[in-house]
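Asker:
Shown next, in the form of structure tokens:
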């Protein structure tokens, strides 16, 4: 169900980010190719799910990371490494993130950008929203929004 949607999100983000604009060292902007990107996909924030579906946020993030890896044009931080850093930073269960904590997490992971996402469930509908953000200033570099019936995503 979520595997197909996660793959679509991963491909959409990969297509949207090449080439992308990066915050330069002095606040300027420079063109950067996807080959120089190192992306960390963070656990998605679930909305409207039952207790029996609590693993979906980490599962969706893992599927997006796998989808990005198959593109081969950018480096993806291993999912288990992201989860370990996520736990150490005390971000597990957080609903909102500040730029400083995300920048510190990206620094620990050696990531140039992060994928943040939300999973929304409403009745039989599922919506996945993901954003690729730069690790320095937190600027949104790309966005993907997929929705549809739970049983077809």
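In our numbering, the protein residues as written are 1336 to 1488.
Ideal placement from N, C-alpha and C gives every residue a C-beta, glycine not left out.
Source: prediction; values computed, not measured.
#1: Residue 1412 lies in the alpha helix (DSSP H); which residues open and close that run?
#2: Which value, in whole angstroms, describes the spacing of the CA atoms of residue 1489 and residue 1440?
#3: Count the other CB atoms, across all protein chains shown, that sit within 10 Å of the CB of residue 1392; report buried if there are 16 or more and exposed otherwise.
#4: So, is residue 1445 buried or exposed, given that buried needs 16 or more other C-beta atoms within 10 angstroms?
#5: How should residue 1450 be labelled, buried or exposed, when 16 other C-beta atoms within 10 angstroms of its C-beta is the threshold for buried?
#6: Where in the region 1412-1473 do unbroken runs of the beta strand (DSSP E), each at least 3 residues long, occur, reported from the N-terminal end onward?
#7: Mapping the DSSP letters down to three states, classify residue 1398 as helix, strand or coil.
Answerer: Judging by the given coordinates:
#1: The continuous stretches of alpha helix (DSSP H) do not include residue 1412, and DSSP gives it neither H nor E.
#2: With the chain represented from 1336 up to 1488, any question about residue 1489 goes unanswered, as that position is not in the structure.
#3: By the 16-neighbour rule on beta-carbons within 10 angstroms, residue 1392 is buried.
#4: Per the 10 Å Cβ criterion, exposed.
#5: The residue is buried, with at least 16 neighbouring Cβ atoms inside 10 Å.
#6: Secondary structure remark: continuous beta strand (DSSP E) runs of at least 3 residues inside the region 1412-1473, in chain order: 1448-1457, 1460-1469.
#7: Per DSSP, reduced to three states, the secondary structure at residue 1398 is helical.
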